[in-house]
Amino acid sequence: MNPFESLGLKHDGRTLWVLDQAQLPDAEVWLDGSDPETMVALIRRLAVRGAPLIGVAAAACLATFAQRGASASEYSAACAALRSARPTAVNLMWAMDRMKEAADPVSEAEAIFTEDVRLCEGMAEHGAALIQEGEGLLTHCNTGGLATAGIGTALGVIRRAHEQGKHVHVYADETRPLLQGGRLTAWELKKLGIPSTLITDSMAALLLRDGKVQRVLVGSDRVAANGDFANKVGTYGLAVQARFHGVPFHPVAPVSTVDLACPDGAAIPIELRNPGEVRGYGAWRWAPEDIPTWNPAFDVTPADLVSSLVLDRAVLTRNELCSGALAKVCGEQPGNPAPRQGD
Ligand code: MRU
Numbered sequence: 432m433n434p435f436e437s438l439g440l441k442h443d444g445r446t447l448w449v450l451d452q453a454q455l456p457d458a459e460v461w462l463d464g465s466d467p468e469t470m471v472a473l474i475r476r477l478a479v480r481g482a483p484l485i486g487v488a489a490a491a492c493l494a495t496f497a498q499r500g501a502s503a504s505e506y507s508a509a510c511a512a513l514r515s516a517r518p519t520a521v522n523l524m525w526a527m528d529r530m531k532e533a534a535d536p537v538s539e540a541e542a543i544f545t546e547d548v549r550l551c552e553g554m555a556e557h558g559a560a561l562i563q564e565g566e567g568l569l570t571h572c573n574t575g576g577l578a579t580a581g582i583g584t585a586l587g588v589i590r591r592a593h594e595q596g597k598h599v600h601v602y603a604d605e606t607r608p609l610l611q612g613g614r615l616t617a618w619e620l621k622k623l624g625i626p627s628t629l630i631t632d633s634m635a636a637l638l639l640r641d642g643k644v645q646r647v648l649v650g651s652d653r654v655a656a657n658g659d660f661a662n663k664v665g666t667y668g669l670a671v672q673a674r675f676h677g678v679p680f681h682p683v684a685p686v687s688t689v690d691l692a693c694p695d696g697a698a699i700p701i702e703l704r705n706p707g708e709v710r711g712y713g714a715w716r717w718a719p720e721d722i723p724t725w726n727p728a729f730d731v732t733p734a735d736l737v738s739s740l741v742l743d744r745a746v747l748t749r750n751e752l753c754s755g756a757l758a759k760v761c762g763e764q765p766g767n768p769a770p771r772q773g774d
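The working numbering numbers the first residue of the sequence shown as 432 and each following residue consecutively.
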């Protein structure tokens, strides 16, 4: 494996290392993610997270496993285990389907990494072109360098607009329950020197009402053929609020997040997580121990609430999405596999 490095993932040729995102922003700890069983656990506990990154990390893990002499049956069992580590982000299934068929797992994993970097650049260019001088931008969850191999999806667009000197100001939702906005996006924004303000999720409507936000940009874990999309829970609420206040709302996603086999949002599997994440955070519990909870990690936003979808290759308006443009733009592309089964 040729060495590579991104914000949250690196390979030194022999070992795959992942930055433990669960410990950010307080500690920057790199863990060995070379073993598939360990990688499944890292993905499940969100040490490695973000739709594109979990696909890239799982592919690099499998390639390392092959490099270390895994048999064909060990390789395919590891591929299946990684594929089912989390259910919503289709990038994981996309990467594992490619690795399953790959003649050379090492060069396929390298290609998946390089491609993700390139897809991020495409989204950044297309998305930044929408942003005007001085805009306030609201974002949710973490969609930056930590969530991809490159500069990110929605946060990559914001970063590019900042680099273009557009004087943007970012409002970052803290993103309950696991605080990817407060812990990770805030950490990235500070590192990048992008002017920003952290808010709790419940403050977003007020910001929109007060005219502080000119555009909402979010990532996606799976875009269905009709343009409905899944993203971190809270995204749907933001889309409703943006529509009410007449503020443009854009999901930003690479082709590896588009699932043409999913006809609409109702077909997207949504991950349900541990009650402990709603009753408290880490070791701190603030709710009664046995209070029933509901903890979907993602929600689905209907295409009707989308102003336009920013892809790595195009920007599609709501009308284009509703008239089936996604299949034309993303269908039959290399790397967008045939319909998947059992996702
Ligand atoms: O549960 P997470 O932290 O993996 O959720 C991540 C998101 O919802 C992101 O918005 C998404 O993966 C797309 S952007 C890279």
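For each residue, glycine too, the CB sits at the ideal point set by N, CA and C.
Any non-hydrogen atom of ligand 1 closer than 6 Å to residue i Cβ
i	result
K441	no
Where residue i sits in the DSSP three-state scheme
i	result
T688	helix
T616	helix
W784	The structure shown does not extend to residue 784, since the chain spans only 432 to 774, so no value can be given for it.
T606	coil
S738	coil
D652	coil
I630	strand
D547	helix
L757	helix
A593	According to the sequence shown, residue 593 is His rather than Ala. Helix, per DSSP.
V471	helix
P682	strand
V460	coil
H676	coil
T666	helix
V479	coil
K441	strand
E436	strand
P719	coil
R499	coil
Supposed contact pair residue j and residue i - C-beta distance, whole angstroms, cut 8 Å
i	j	result
G575	T616	6 Å
E702	F729	6 Å
A420	P536	Any answer about residue 420 is impossible in this case: the structure gives the chain only from 432 up to 774.
L780	L477	It is not possible to answer for residue 780, since the shown part of the chain is limited to 432 through 774.
Q672	L639	5 Å
D652	T688	7 Å
V686	D743	6 Å
Close-in-space but distant-in-sequence residues of the same chain around residue i (CB under 6 Å, 5 per side omitted)
i	result
V487	I543, F544, D547 and A580
F496	P467 and A509
R591	A555 and A559
K531	C510
W448	K441 and W461
R480	Q452
Chain-order list of residues whose beta-carbon lies under 7 Å from that of residue i (same chain, five-residue window excluded)
i	result
A655	D690, C693, P694, D695, G696, A698 and I699
G711	W717 and A718
A670	F680, T732 and L736
Cutoff 8 Å; reference residue i; Cβ partners in own chain excluding five residues on either side
i	result
A758	A656 and L691
N662	H571, C572, V649, G650, S651, D652, P682, F729, D730 and T732
CB contact check: residue i to chain C, cutoff 7 Å
i	result
V647	Absent here is chain C; the protein component of the structure consists of one chain.
* Asked: If you measure from each residue's Cβ to the nearest non-hydrogen atom of ligand 1, which ones come out under 6 Å, in chain order?
  -> L477, R480, G481, A482, P483, A520, C572, T574, A578, T579, T584, Q611, G650, S651, D652, N662, K663 and A728
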